[in-house]
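For the sequence shown, full-length UniProt numbering begins at 1 and goes up steadily by one.
Here the structure is laid out as structure tokens; the discussion comes afterwards.
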Amino acid sequence: MPALPASANLPNLLDYVRGLRESDWDAFHPGVTAHWFYKEPDGGAAAVLLRYEPGARVAEHEHVGYEHMLVLEGDEYDETGTYPAGSFVIHPPGTRHSPGSHGGCVALLIYEKAVRFVGSK
Numbered sequence: 001m002p003a004l005p006a007s008a009n010l011p012n013l014l015d016y017v018r019g020l021r022e023s024d025w026d027a028f029h030p031g032v033t034a035h036w037f038y039k040e041p042d043g044g045a046a047a048v049l050l051r052y053e054p055g056a057r058v059a060e061h062e063h064v065g066y067e068h069m070l071v072l073e074g075d076e077y078d079e080t081g082t083y084p085a086g087s088f089v090i091h092p093p094g095t096r097h098s099p100g101s102h103g104g105c106v107a108l109l110i111y112e113k114a115v116r117f118v119g120s121k
């Protein structure tokens, strides 16, 4: 993951996403890849683009801190609803869900703290 300067500016996030090469994405979960902007060690804050293949789903997890999610392309869903492109969702600490995408999507997620996957220590 590249180091960011003191400040970063992406004037058109969608153009940035569309310009990413396959090698710019890392495995995250089956059917889901990640492009990290930053990720603090020891479960600290992070900003990441997640790209879901059609039908992919992430295992249930609990939010230890706030998560802010902006769906950039496609659609995402979880136990509480479906979120088309342009949707902005805030998951407060203590909430749990298992997000997925029927048709595939790209979403920007900003974590206050890393999530805790249910069933893992």
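In this text, a Cβ means the ideal position worked out from N, Cα and C, and glycines have one as well.
Query	Result
Same chain, Cβ closer than 7 Å to LYS121, neighbours up to 5 away in sequence not counted	Here LYS121 scores only 48 on pLDDT, less than 50, and its place in the model is too uncertain to base an answer on.
The region 73-84 contacting the region 19-38, beta-carbon criterion three pairs below 8 Å	no
Cα-Cα separation between VAL115 and ALA45, rounded to whole angstroms	10 Å
Pair within 8 Å by beta-carbon distance, ARG96 and HIS61	yes
Through-space distance from SER23 to GLU112, alpha-carbon basis	26 Å
Whole-angstrom C-beta distance between PRO92 and ALA56, which should lie under 8 Å	Actually they do not touch by this definition, with Cβ atoms about 24 Å apart.
Under 8 Å between C-beta atoms of VAL32 and LEU13	no
Under the three-state DSSP convention, the category LYS121 falls into	Because the pLDDT of LYS121 is 48, which lies under 50, any placement of that residue in the model is unreliable, and the number read from its coordinates should be weighed accordingly. In this structure, LYS121 counts as coil in the three-state DSSP scheme.
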